[in-house]
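Q:
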Amino acid sequence: MPSAPTDTLDRPVKDLRISVTDRCNFRCTYCMPKEIFNSDYRYLQRAALLTFEEIERVARSFARHGVTKLRLTGGEPLLRHGIEELVARLAAIPEIDDLALTTNGALLGRMATDLAAAGLHRVTVSLDSLDDSVFMGMNDVAFPVQNVLDGIGAAADAGLGPIKINMVVKRGVNETSIIDMARHFKGTSQTLRFIEYMDVGTTNGWVMDDVVSAKAIVETLDQEFGIEPIAPTYRGEVAKRWRYKDGSGEFGVIGSVTQPFCGNCTRARLSAEGALYTCLFATSGTDLRSILRQNPHDEELDQTINTIWTNRTDRYSETRTSLTGSVTKVEMSHIGG
Ligand code: SAM
Ligand code: SF4
Ligand code: SF4
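In our numbering, the protein residues as written are 11 to 347.
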């Protein structure tokens, strides 16, 4: 039985994010810009994807190393055929007490009940504005807000809560939607989280000027509603939590760019083709697929995961401003955010 390793900065591994596909039915401009992710783009072929059995083996190995939290992501995870079967396999791992999925919500209306029945605990739904013209411009496939709201409703009805709502804030694009979004979700059981626009990948043309800082987001909300901070509940909590002074609930702000939290980063990420990344901003991963396909037993898998985590040094967000030159970072749609 492997022990629970800590990395070179004394961080344990608690949380595994599993990308199940690199495809998506949206083309969010900050994630999969149409100019790059068009019909010429080479997505992973089916044989390259980890099978559900292989994903389960990796998840079980991580559980033996201390992981208690799994999140399915993508691309758009609900596009992966038979995802409910994977959910059921992962839900059966005894160490896992939190099984979540991040989705754009487009298919949630028709899939929420089956996902809940398969054993999914909760969903996070991404929604960047309540204004159709803003949202359609951001998802770039003219997908309407109401369909996402219907998906959120279906997830709530299916018991897939507490539901979190992720809103990426990009300057000049949707910062005017901050107050509307806060007002809409305030007083509901859904917790809104504002996310700083990040420099993941190399295709979204990120520049610092497009980032609306966590501080600016908080000031905007404080002026409108009156808010106060809430103490974090656990190590590795990435969102700083705030509550409305009128008692109508809370929201989170994820300041990955201006308020890095690498010191508490307990996450590993598995890409759809089985590469393991220990940082969202990694330039390369470790191929676990070959190990899985060459070894019917899990000793080498366990050993590899243990060695990778023990040697981990990642703290990209704390060092980004001192880095110079261009590096080829993995795309968000590849490892899932
Ligand atoms: N397709 C699903 C979705 O959109 O929820 C799951 C995958 S998506 C890559 C996961 C999360 O990453 C979403 O909440 C999305 O808004 C966020 N994201 C994508 N690109 C980002 C960026 N450049 N900066 C900050 N967040 C980003
Ligand atoms: Fe697709 Fe999610 Fe990326 Fe948008 S953020 S393009 S929905 S993977
Ligand atoms: Fe974790 Fe890397 Fe993000 Fe730092 S930059 S919090 S190490 S994923």
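Even glycine gets a Cβ: it sits at the ideal position worked out from N, Cα and C.
Given a cut-off of 8 Å, decide if G346 and E64 are closer than it, judged by their beta-carbon atoms.
A: Along the sequence shown, one-based indexing puts residue 64 at 54. Along the sequence shown, one-based indexing puts residue 346 at 336. Against a cut-off of 8 Å, the Cβ pair of G346 and E64 comes out as no contact.
Q: Within this structure, are the beta carbons of T39 and G85 separated by less than 8 Å?
A: Within the sequence shown, numbered from 1, the residue matching residue 39 stands at position 29. Within the sequence shown, numbered from 1, the residue matching residue 85 stands at position 75. Not closer than 8 Å, so no.
Q: Excluding the 5 residues preceding and the 5 following R132 in the sequence, name in chain order all residues of the same chain whose CB lies nearer than 7 Å to its CB.
A: Position 122 of the sequence shown, counted from the first residue, corresponds to residue 132. The residues are A110, L170, G171, P172, I173.
Q: Return the chain-ordered list of same chain residues with a C-beta closer than 8 Å to the C-beta of A166, the five sequence neighbours on each side being excluded.
A: Residue 166 sits at position 156 when you count from the first residue of the sequence shown. Contacts found: I173, S199, Q200.
Q: Thinking C-alpha only, which one of E94, R27, E95 is nearest A73?
A: Within the sequence shown, the letter at position 63 stands for residue 73. The candidate whose alpha carbon is nearest that of A73 is R27.
Q: Give me the Cα-Cα distance between T334 and F271, rounded to the nearest whole angstrom.
A: Reading the sequence shown from its first residue, position 324 is the one you call residue 334. Reading the sequence shown from its first residue, position 261 is the one you call residue 271. Confidence in T334 is poor, its pLDDT being 48 and thus under 50, which makes the residue's placement too unreliable to answer from.
Q: Which residues mark the beginning and the end of the beta strand (DSSP E) in which M177 is found?
A: In the sequence shown, the residue the question calls residue 177 occupies position 167. Unbroken beta strand (DSSP E) run through M177: 174-179.
Q: Rounded to a whole number of angstroms, what is the C-alpha to C-alpha distance between T268 and A128?
A: Residue mapping note: residue 268 aligns to position 258 of the sequence shown, counting from 1. Residue mapping note: residue 128 aligns to position 118 of the sequence shown, counting from 1. Near 38 Å, if we compare the C-alpha coordinates of A128 and T268.
Q: How big is the Cα-Cα spacing for K339 and V183?
A: As a first step, residue 339 must be located in the sequence shown, where it is residue number 329. As a first step, residue 183 must be located in the sequence shown, where it is residue number 173. If I take the Cα positions, the gap works out to 24 Å.
Q: Classify G161 as buried or exposed, calling it buried when 16 or more other Cβ atoms lie within 10 Å of its own Cβ.
A: As a working mapping, residue 161 is identified with position 151 in the sequence shown. With 16 or more Cβ atoms within 10 Å of its Cβ, G161 is classed as buried.
Q: Quick one: using the 10 Å Cβ neighbour count with 16 as the cut-off for buried, is E341 buried or exposed?
A: On the sequence shown, residue 341 is found 331 positions in, with the first residue counted as 1. E341 should be labelled buried.
Q: Do V135 and V158 have their C-beta atoms closer together than 8 Å?
A: The sequence position of residue 135 within the sequence shown is 125, counting from 1. The sequence position of residue 158 within the sequence shown is 148, counting from 1. Result yes, Cβ atoms of V135 and V158 sit closer than 8 Å.
Q: Does the beta carbon of S29 fall short of 7 Å from some heavy atom of ligand 3?
A: As a first step, residue 29 is located in the sequence shown; it is residue number 19 there, counting from the start. It does not: the Cβ of S29 is nowhere closer than 7 Å to a heavy atom of ligand 3.
Q: Going by DSSP, what residue range makes up the alpha helix (DSSP H) through A224?
A: For this step, residue 224 is matched to residue 214 along the sequence shown. From DSSP, the alpha helix (DSSP H) with A224 extends over 224-235.
Q: With the cut-off set at 8 Å, would you say S223 and E206 are in Cβ contact?
A: Position 213 of the sequence shown, counted from the first residue, corresponds to residue 223. Position 196 of the sequence shown, counted from the first residue, corresponds to residue 206. Yes, these two residues count as a Cβ contact at 8 Å.
Q: Leaving aside the five residues before and after R325 along the sequence, list all residues of the same chain whose C-beta is less than 6 Å from its C-beta, in chain order.
A: Walking along the sequence shown from the start, residue 325 turns up at place 315. Result list for R325: C272, in chain order.
Q: Using the beta-carbon count (16 or more within 10 Å), is I240 buried or exposed?
A: Reading the sequence shown from its first residue, position 230 is the one you call residue 240. Looking at its Cβ environment, which holds fewer than 16 other Cβ atoms inside 10 Å, I240 is exposed.
Q: Could you give the DSSP three-state label for D343: helix, strand or coil?
A: Position 333 of the sequence shown, counted from the start, is the residue given in the question as residue 343. Residue identity check: residue 343 is Ser in the sequence provided, not Asp. Helix.
Q: Between the C-alpha atoms of S266 and K180, what's the straight-line distance to the nearest angstrom?
A: Here the question's residue 266 lines up with position 256 in the sequence shown. Here the question's residue 180 lines up with position 170 in the sequence shown. The straight-line gap from Cα to Cα measures roughly 14 Å.
Q: Could you tell me how far apart the beta carbons of N35 and V151 are, in whole angstroms, since I believe they sit closer than 8 Å?
A: Locating residue 35 in the sequence shown gives position 25, counting from the first residue. Locating residue 151 in the sequence shown gives position 141, counting from the first residue. Contact flag correct, Cβ pair sits at about 7 Å.
Q: What residues come near ligand 3, if near means a beta carbon less than 5 Å from any of its heavy atoms?
A: Chain-ordered list of matching residues: C272, C275, C289, L290, D324, Y326, S327.
Q: Should G262 go down as buried or exposed, given a rule of 16 or more other Cβ atoms within 10 Å for buried?
A: Reading the sequence shown from its first residue, position 252 is the one you call residue 262. Label assigned to G262: buried.
Q: I need the boundaries of the alpha helix (DSSP H) containing Y244, first residue and last residue.
A: For this step, residue 244 is matched to residue 234 along the sequence shown. Unbroken run through Y244: none, as it is neither H nor E.
Q: Give me whichever residues DSSP pairs with E260 in a beta bridge.
A: Here residue 260 refers to the residue found at position 250 when the sequence shown is read from its first residue. E260 is bridged to R253.
Q: Comparing C-alpha positions only, which one of R67, S29, Q55 sits nearest to D308?
A: For the purposes of this step, residue 308 is identified with residue 298 of the sequence shown, where counting begins at 1. Nearest option by C-alpha distance: R67.
Q: Got a sec: does ligand 1 put a non-hydrogen atom nearer than 7 Å to the Cβ of I227?
A: In the sequence shown, residue 227 corresponds to position 217, counting from 1. Incorrect: I227 has no Cβ contact closer than 7 Å to ligand 1.
Q: Report the partner residues of T296 according to the DSSP bridge assignment.
A: Numbered from its first residue, the sequence shown carries residue 296 at position 286. Paired residue(s): L286.
Q: Quick check: what's the CA-CA separation for S294 versus T314?
A: Counted from its first residue, the sequence shown places residue 294 at position 284. Counted from its first residue, the sequence shown places residue 314 at position 304. Going by the C-alpha atoms only, they are around 16 Å apart.
Q: Suppose only complete runs of 3+ residues qualify. What are the beta strand (DSSP E) ranges in the stretch 148-204, listed by chain order?
A: Fully enclosed beta strand (DSSP E) runs of 3 or longer: 174-179.
Q: Tell me D133's beta-bridge partners as DSSP assigns them.
A: If you number the sequence shown from 1, residue 133 lands on position 123. Here residue 133 turns out to be Val, not Asp, going by the sequence shown. Looking at the DSSP assignment, V133 forms a beta bridge with L111.
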